[in-house]
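Engineer:
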Amino acid sequence: MTEPAPVPAISPPPNPPTDRPLHTLPPPFSQDALTPITQGAEALVYKTSFLTPSTPAVVKYRPPKPYRHPNLDKRLTKSRLLAEARSLVRVKREGVNVPGVLGCDADAGWLVLEYVNGRTIRRVLDSWAEEAKEQEKRVFTEGGDVRQLARAGGVEKDEIMDLMGRVGREVGKLHELGVCHGDLTTSNLMLRVPDEEKSESTRPAGRMTTSAMREAAMNGEEPPPLEIPQEEPTAPAHQSLAGEIYLIDFGLTSSTIQDEDRAVDLYVLERAFSATHPAAEPLFHEVLEEYGKSYKGAKSVLKRLEGVRLRGRKRNPGAFSDDEYEDEVESSVLSPASDASVLSGARKGKVLNPGARSFVPAKHFIHDPTHLVKTALLSIPRTNPSVRCDIENKIIYTKNAKSQVSIVSGGGSGHEPSFSSFVGPGLLSGAVAGTIFASPSAEQVRRCILHRVSKEKGVLVVVMNYTGDVLNFGMAVEKARAAGIEVDMVVVGDDAGVGRAKGGKVGRRGIAGTVLVQKVAGALAARGASLKDVTRVAQVVADNTVSIGSSLSHVHVPGRREPEDDELKEGEVEIGMGIHNEAGSERKSTDLPGLVKTMLEHCLNTADHDRSFSSINEKDEVVLLVNNLGGVSPLELGGITNEVVEQLEGSFKIKPVRILSGTFMTSLNGLGFSISLLKVSDMHLGGGPSLLELLDAPAEASGWSAAISSGTWQKRGQAAEEEKQTDAEEIQPSTLRVDPKQAQSALKTALERLISVEPDVTKYDTIVGDGDCGIGLKRGAESILKMLETAKSTDDVLLLLNNIIQVVEVSMDGTSGAIYAIFLNALAHGLRQNAPSSPGPVTPEIWAKALDSSLKALGKYTPAQPGDRTLIDALHPFVQTLSRTGSIDEAAAAAQTGAQGTKGMKASLGRTVYVGGQGFQEVPDPGAHGLAELLLGLSEGLKK
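Quick note on numbering: the working numbering labels position 114 of the sequence shown as 733, and the sequence is numbered without any gaps.
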């Protein structure tokens, strides 16, 4: 037998620039089929082929991290990739179901794995729970067969319980080997499609092992063609639950002999069940029961799980000894100068050896973030009897003693005393809280505006410039306007840590300077000023405020596991860090004087065109705010404040006319501070109070210094009168009339057309986004159809439109749901403004005016414009054409042309921006395509 020809060595590609993901692979991998699957914090995952074009495989690529030292980053990437590959090879050899390793180049940062054809357990449980809910509804509301409750998702209850048992046994097999997964969620568990479910025409002649495929390649033979699996089904409810459980994504895996670590693994999975699949949470008992039978030591792990539940998820940080760390360092190739200093600082910060994963210990008194937010809100009325708490909607509010403009603000929790503790006379009228570092929903904000604060003289909403806050608060504002309430909104973006180039269309983030806007607006409103004047002054303050923050450490969110490998080194500070752990503009080792000098230069240097947002000079009156991010002691904050004042006066010749120093807007326990400067010399407030008088005015809010008077404390024992719940809303009728039969018929045609193109929209969004656009549009369309079948028929177009808006706000989520809701609320407002004095039909001219005003209103909350590859590319030409021609047919055709024109457009906004890939050149924007189809259906329906 002759020796086979030697196979050339695989040449890894050169390391790509740190700002560009991987798009090419070395031989023998296909260069033609790199389809993005997902993107995480550490890695990009692609689908490709292995050895033959018909053999699917998965490429996991860890791109360079520009915020790490290059040599350290290269070593960390290599070690972690090798650790993952070795773990996979080891556990697969021992019989655990995991993807096979087909190839690895740790220096280049990629790992090629076997493609697992099947469904995630998350998808299976979602389908099962949804069907179970429908079955229960049919049984108890429609008189269905009670025996149907034993079936859900197209399968018997015994089948789903058996599936849970298989999950428990597979996790037990992994733990028995002394390996913990590290990120054990239902998205990282898969049900592999068994061979017998594949069609005979596509089934391979015989299943080849990884080693057999390699041997065939070495001998110059062609492996049998394998079926290329289709993408995960979107509606798997009818499919069998037969198949093997596979564990995927071993990026956080670790070896351990500790029951504590195994229990943490199970706790993570348990939390995934409770948070992601509430209806399926009882099934987790079956997972634990079978896990307990799977190996000898499983019972003790389950006992340890009880303790883990009590204190929350926590991993032992001492997983590696200093000797092991030293061995790893000595075995690495380091440049003597640069990396030695990096590692010495890292080691002082207790960063573990590369390849291991360490986490900041969760040192908190309350570990459950949901319980933490609710109890913190409940404490506020206890310290300030003038305010009340709507705990269901997480609203702190006060009913103003006299008629005045109400000031509403809010955002994610974790920034206390902002915003809830700023509620009180002289400051905010209401504050709406989200979960930690997450925006409240539009529904929460709407309830605050409509039902919790006085609205006779109007409402001003002040919000920081974050996408979720702007969209959700903006949606609530438009909803209130549509209901006839006078509402304005001011968005604050004062962070100089984000320059113009980096901020782009989004603009600067909002940080502590926001509290100055709130204080001035609240004081002016308390003096009886009009909504117009309060809004104008608030906007002037926002436009003349500049801020910047710095921190010595990232914050830890209760209930979350935080990686330590990105922690700042000893003596290093991050300048420009945001209040949600966002990256700053630079990291440097410096002392306090040097840090303050850099921060002030970022705020005051007019020669820095990227960050020169204010023209403050020595002739101006300036208000200084030095804000504690949460973890700085009052003693140290005093020293920081003194340093800032001395440098302002000495280096910049600026003597602040007011100095505020304290805790106003935190980032949980952030070990840092921020500086805000407000230019007041060019404020034009007419004959009313000066800006300084408004800042000095008393505010009876527990979060503002010296806010609560003795008179208020005397009222502590008085029982607060129960607030009557008046959540029901009555929409005012209009004079605009439509033919109800024609309107319902046209809407039905349009919605059915939208539902029919869902597969195409989902396909396009899978290529350029996260694959949920089609499902979201279909869900919304189906919900509106159900509403049309059950709602009372009306010829009032505004009542009909309001019914649709209510359905959209509840059934459609994500960015597209918010955009549709904002647009429709603004449309309702525009129709009401253009309604005739006496009842009459809605003319094309009225529609055109209302659509034009709603398009302008939408522009306040999203920077998207035609050419940005969004649904605006279809909406804008529709509105413009209808305004110009009055023809719905021509307008719908223009929308279709606009949607098709997005093929090849490079996205400026949305998930496509960072998913990358070349697929956008072949398909239209999913949102634009879906909207165009809806409008074409509307045009078709009106012809009937």
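Idealized CB from N, CA, C, for every residue including glycine. On a predicted model such as this, the values are computed, not experimentally measured, just so you know.
Just how far apart, CA to CA, sit Ile1068 and Gly1087?
Structural biologist: One-based indexing of the sequence shown puts residue 1068 at position 449. One-based indexing of the sequence shown puts residue 1087 at position 468. Each residue's alpha carbon lies about 18 Å from the other.
Engineer: Leaving aside the five residues before and after Leu1446 along the sequence, list all residues of the same chain whose C-beta is less than 6 Å from its C-beta, in chain order.
Structural biologist: Looking up residue 1446 in the sequence shown gives position 827. Cβ neighbours of Leu1446 beyond the five flanking positions: Ala1469, Ser1473.
Engineer: Does the separation of the CB atoms of Gly797 and Ser874 fall below 8 Å?
Structural biologist: Taking the first residue of the sequence shown as 1, we reach residue 797 at position 178. Taking the first residue of the sequence shown as 1, we reach residue 874 at position 255. Contact flag set, yes.
Engineer: Who are the near neighbours of Ala1513 in its chain, counting only those whose CB is closer than 8 Å to its CB and skipping five residues on each side?
Structural biologist: Residue numbering aside, residue 1513 sits at position 894 when the sequence shown is read from its first letter. These residues qualify, in order along the chain: Pro1496, Phe1497, Gln1499, Thr1500.
Engineer: Would Val1153 and Leu1079 qualify as a contact pair, given that the criterion is a beta-carbon distance under 8 Å?
Structural biologist: Working through the sequence shown from its first residue, we reach residue 1153 at position 534. Working through the sequence shown from its first residue, we reach residue 1079 at position 460. Yes, the pair counts as a contact, with Cβ atoms nearer than the cut-off.
Engineer: Given a cut-off of 8 Å on the beta-carbon distance, is the pair Leu1248 and Ser1293 in contact?
Structural biologist: As a position in the sequence shown, residue 1248 is number 629, starting the count at 1. As a position in the sequence shown, residue 1293 is number 674, starting the count at 1. Yes, the Cβ-Cβ distance between Leu1248 and Ser1293 is below 8 Å.
Engineer: Please report the distance separating the alpha-carbon of Gly1257 from that of Arg1100.
Structural biologist: Position 638 of the sequence shown, counting from 1, holds the residue named residue 1257. Position 481 of the sequence shown, counting from 1, holds the residue named residue 1100. Cα to Cα, the separation comes out at about 45 Å.
Engineer: Consult DSSP for Ile876 and reduce its assignment to one of helix, strand or coil.
Structural biologist: The residue given as residue 876 occupies position 257 in the sequence shown. Coil.
Engineer: If you measure between the beta carbons of Thr1521 and Ala1547, is that distance less than 8 Å?
Structural biologist: For the purposes of this step, residue 1521 is taken as residue 902 along the sequence shown, with counting starting at 1. For the purposes of this step, residue 1547 is taken as residue 928 along the sequence shown, with counting starting at 1. Cβ atoms of Thr1521 and Ala1547: closer than 8 Å.
Engineer: Could you tell me the alpha carbon to alpha carbon distance between Glu1552 and Thr674, rounded to whole angstroms?
Structural biologist: The residue given as residue 1552 occupies position 933 in the sequence shown. The residue given as residue 674 occupies position 55 in the sequence shown. Each residue's alpha carbon lies about 36 Å from the other.
Engineer: Using DSSP's beta-bridge definition, name the partner residues of Ala1052.
Structural biologist: As a first step, residue 1052 must be located in the sequence shown, where it is residue number 433. Answer is Gly1030.
Engineer: If you draw a straight line from the alpha carbon of Lys1563 to that of Val1134, how long is it in whole angstroms?
Structural biologist: Looking up residue 1563 in the sequence shown gives position 944. Looking up residue 1134 in the sequence shown gives position 515. Distance between the alpha carbons of Lys1563 and Val1134: 56 Å.
Engineer: Roughly how many angstroms separate the alpha carbons of Glu785 and Phe892, rounded to a whole number?
Structural biologist: The count along the sequence shown starts at 1 and reaches residue 785 at position 166. The count along the sequence shown starts at 1 and reaches residue 892 at position 273. According to the sequence displayed, residue 785 carries Arg and not Glu. Distance between the alpha carbons of Arg785 and Phe892: 16 Å.
Engineer: Do Val1174 and Asn1246 have their C-beta atoms within less than 8 Å of each other?
Structural biologist: Within the sequence shown, numbered from 1, the residue matching residue 1174 stands at position 555. Within the sequence shown, numbered from 1, the residue matching residue 1246 stands at position 627. Against a cut-off of 8 Å, the Cβ pair of Asn1246 and Val1174 comes out as no contact.
Engineer: Could you check whether Ala704 and Leu730 sit closer than 8 Å to each other, using their CB atoms as the reference points?
Structural biologist: Counting from one through the sequence shown, the residue named residue 730 turns up at place 111. Counting from one through the sequence shown, the residue named residue 704 turns up at place 85. Taking 8 Å as the Cβ cut-off, Leu730 and Ala704 qualify as a contacting pair.
Engineer: Asn1003 to Val1117, Cα distance in whole Å?
Structural biologist: Translated into the one-based positions of the sequence shown, residue 1003 becomes position 384. Translated into the one-based positions of the sequence shown, residue 1117 becomes position 498. So the two alpha carbons sit approximately 36 Å from each other.
Engineer: Mapping the DSSP letters down to three states, classify Leu1150 as helix, strand or coil.
Structural biologist: The sequence position of residue 1150 within the sequence shown is 531, counting from 1. DSSP places Leu1150 in helix when its eight states are reduced to three.
Engineer: Please go through the same chain and pick out, in chain order, the residues whose beta-carbon is closer than 6 Å to the beta-carbon of Gly1549, but skip the five residues on each side of it.
Structural biologist: One-based indexing of the sequence shown puts residue 1549 at position 930. Same-chain partners within the cutoff: Val1380, Leu1396.
Engineer: Just to confirm, is the Cβ distance from Gly1077 to Val1024 under 8 Å?
Structural biologist: Taking the sequence shown and counting its residues from 1, the one referred to as residue 1077 is at position 458. Taking the sequence shown and counting its residues from 1, the one referred to as residue 1024 is at position 405. Yes, the pair counts as a contact, with Cβ atoms nearer than the cut-off.
Engineer: Which ranges does the beta strand (DSSP E) cover as unbroken runs of at least 3 residues, wholly within the segment 1235-1281, from first to last along the chain?
Structural biologist: List check, beta strand (DSSP E) in window: 1241-1247, 1277-1281.
Engineer: Could you tell me the alpha carbon to alpha carbon distance between Ile1491 and Leu1311, rounded to whole angstroms?
Structural biologist: For the purposes of this step, residue 1491 is taken as the residue at position 872 of the sequence shown. For the purposes of this step, residue 1311 is taken as the residue at position 692 of the sequence shown. Taking the straight line joining both Cα atoms gives about 43 Å.
Engineer: Have a look at Phe984, His1034, Ser1073, Leu1561 and flag the residue whose alpha-carbon is nearest the alpha-carbon of Asp1358.
Structural biologist: Along the sequence shown, one-based indexing puts residue 1358 at 739. With distances taken between Cα atoms, Asp1358 lies closest to Leu1561.
Engineer: Threshold first: 3 residues or longer. Then list the beta strand (DSSP E) segments lying entirely within the segment 1046-1134, N to C.
Structural biologist: Those beta strand (DSSP E) runs which fall completely within the segment 1046-1134 and span 3+ residues are 1049-1055, 1078-1083, 1106-1111.
Engineer: Spatial neighbours of Gly1556 within its chain, please: CB distance less than 8 Å, with the 5 preceding and 5 following residues excluded, ordered by chain position.
Structural biologist: Here residue 1556 corresponds to residue number 937 of the sequence shown, with the count starting at 1. Correct list, in chain order: Thr1368, Ala1369, Leu1370, Glu1371, Arg1372, Leu1373.
Engineer: Chain C beta carbons: is any one of them nearer than 8 Å to that of Phe892?
Structural biologist: Checking the listed chains, one finds no chain C in this structure; it contains a single protein chain.
Engineer: On the premise that Lys792 lies in contact with Val715, defined as a C-beta separation below 8 Å, what is that separation, rounded to the nearest angstrom?
Structural biologist: In the sequence shown, the residue the question calls residue 715 occupies position 96. In the sequence shown, the residue the question calls residue 792 occupies position 173. Indeed, because the Cβ distance is near 5 Å, the residues count as touching under 8 Å.
Engineer: Between the C-alpha atoms of Leu721 and Leu732, what's the straight-line distance to the nearest angstrom?
Structural biologist: Here residue 721 corresponds to residue number 102 of the sequence shown, with the count starting at 1. Here residue 732 corresponds to residue number 113 of the sequence shown, with the count starting at 1. About 5 Å.
Engineer: In the DSSP assignment, find the unbroken alpha helix (DSSP H) run with Gln1351 in it and report its ends.
Structural biologist: Looking up residue 1351 in the sequence shown gives position 732. Element bounds for Gln1351: n/a, residue is neither H nor E.
Engineer: Please identify the residue among Ser1435, Gln1361, Thr1434 whose C-alpha is closest to the C-alpha of Val1416.
Structural biologist: Here residue 1416 refers to the residue found at position 797 of the sequence shown. Of the candidates Ser1435, Gln1361, Thr1434, the one whose C-alpha sits nearest the C-alpha of Val1416 is Gln1361.
Engineer: Give me the Cα-Cα distance between Leu1279 and Thr1285, rounded to the nearest whole angstrom.
Structural biologist: By one-based count along the sequence shown, residue 1279 stands at place 660. By one-based count along the sequence shown, residue 1285 stands at place 666. Computed Cα separation, rounded: 15 Å.
Engineer: With a CB to CB cut of under 8 Å and the five nearest residues on each side skipped, what residues in its chain are close to Thr1225?
Structural biologist: In the sequence shown, residue 1225 corresponds to position 606, counting from 1. Result list for Thr1225: Ser1231, Ser1234, in chain order.
Engineer: What residue range does the alpha helix (DSSP H) around Gly1433 cover?
Structural biologist: Within the sequence shown, numbered from 1, the residue matching residue 1433 stands at position 814. Its alpha helix (DSSP H) spans residues 1433-1452.
Engineer: Here's the rule: buried if 16 or more other CB atoms are within 10 angstroms of the residue's CB, otherwise exposed. What is Ala894?
Structural biologist: Translated into the one-based positions of the sequence shown, residue 894 becomes position 275. The residue is exposed, with fewer than 16 neighbouring Cβ atoms inside 10 Å.
Engineer: Can you tell me which of Phe1038, Ala1057, Asn807 puts its alpha carbon nearest to the alpha carbon of Asp657?
Structural biologist: Working through the sequence shown from its first residue, we reach residue 657 at position 38. Sequence check: residue 657 is Thr here, not Asp. Per the Cα distances, Asn807.
Engineer: Quick one: what's got a C-beta closer than 6 Å to Gly825's C-beta in the same chain, skipping five residues either side?
Structural biologist: Start at 1 with the first residue of the sequence shown, and residue 825 comes out as number 206. Note on Gly825: pLDDT 40, under 50, position unreliable in the model; the coordinate value appears next. Once the five neighbours on either side are set aside, Gly825 has no close Cβ partner at all.
Engineer: Would you report the Cα separation of Glu1377 and Leu1554, rounded to the nearest angstrom?
Structural biologist: Within the sequence shown, residue 1377 is the residue found at index 758, counting from 1. Within the sequence shown, residue 1554 is the residue found at index 935, counting from 1. Spanning the two alpha carbons is a distance of roughly 15 Å.
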